[in-house]
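Position 1 of the sequence shown, counted from 1, bears residue number 24 in our numbering, the numbering being contiguous throughout.
Glycine residues also receive a C-beta, built at the ideal position from the N, C-alpha and C atoms.
On a predicted model such as this, the values are computed, not experimentally measured, just so you know.
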Amino acid sequence: MSGPYAPPLQTGFSTGPAFPNQQVFLPSEQTLHQAPDPNSPAAFQQSLQNIQERVVRLQNLARSTLARIQNAYHPNNSLMHTEASMRTLKQEIQELSQLMLQSGVGALPVLPMPGPGETISPPTEQQLMTQVNDSIGVLFEQVKRSQDSAAVVANLLGAPDRSAK
24 MSGPYAPPLQ TGFSTGPAFP NQQVFLPSEQ TLHQAPDPNS PAAFQQSLQN
74 IQERVVRLQN LARSTLARIQ NAYHPNNSLM HTEASMRTLK QEIQELSQLM
124 LQSGVGALPV LPMPGPGETI SPPTEQQLMT QVNDSIGVLF EQVKRSQDSA
174 AVVANLLGAP DRSAK
């Protein structure tokens, strides 16, 4: 397009980036496949394994901290070490909860650890439904008792005082 308003083409300029720190983007196979899918079964299994290892470390740290607390007033036991152990335990719990939240593993039901030689199978859907219904029933009864108690108090507060006559 050459017209009276078109600027003339100038020669002698490089075709490189306009700014020295600017990089030219060229798509390649490597940039298209940088990271594995975080929702893949392999990534989930890896997250689960990492969390299981962290839980074992957390259990050992909790046992160590409990032993330090129980022996707090014994000779050769430093209060500073006990406090440091408690801070580390709190930090580990926080980090584990964040890791579980970010990885999606925290949404799984927690099963008790099997004893030596025992195997534990996950609960069936029917068992989970029964547990949920039982929990809902207990909560409903608690709320109903609270409401009934509140109604009794409201009736007592709203009733005319007969002893004043």
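Run through DSSP, which three-state label would residue i get?
i, result
"methionine 136", "coil"
"proline 64", "helix"
"phenylalanine 36", "Unreliable placement is indicated for phenylalanine 36, whose pLDDT of 49 sits below 50; no coordinate value is reported for it."
"valine 175", "helix"
"histidine 104", "helix"
"glycine 127", "coil"
"alanine 95", "coil"
"isoleucine 74", "helix"
"serine 120", "helix"
"threonine 147", "coil"
"alanine 182", "coil"
"threonine 142", "coil"
May I ask whether a heavy atom of the ligand GTP can be found less than 7 angstroms away from the beta carbon of residue i?
i, result
"isoleucine 92", "Absence of the ligand GTP is noted for the structure shown, with no ligands found whatsoever."
Check whether the Cβ atoms of residue i and residue j lie closer than 8 angstroms to each other.
i, j, result
"glutamate 115", "leucine 81", "yes"
"arginine 91", "asparagine 100", "yes"
"methionine 136", "isoleucine 74", "no"
"threonine 189", "leucine 112", "Lying before the first or after the last residue shown, residue 189 is absent from the chain, which here runs from 24 to 188."
"glycine 140", "phenylalanine 67", "no"
"isoleucine 143", "leucine 134", "yes"
If we cut at 8 angstroms on Cβ distances, does residue i have a partner in chain B?
i, result
"methionine 109", "Among the chains in the structure shown there is no chain B, since it carries only a single protein chain."
On the CB-based measure, 16 or more other CB atoms within 10 Å of its CB, does residue i come out buried or exposed?
i, result
"phenylalanine 36", "Residue placement at phenylalanine 36 is flagged as unreliable, the pLDDT there being 49, under the threshold of 50; the coordinate-derived value follows with that caveat. Exposed, by the Cβ-count rule."
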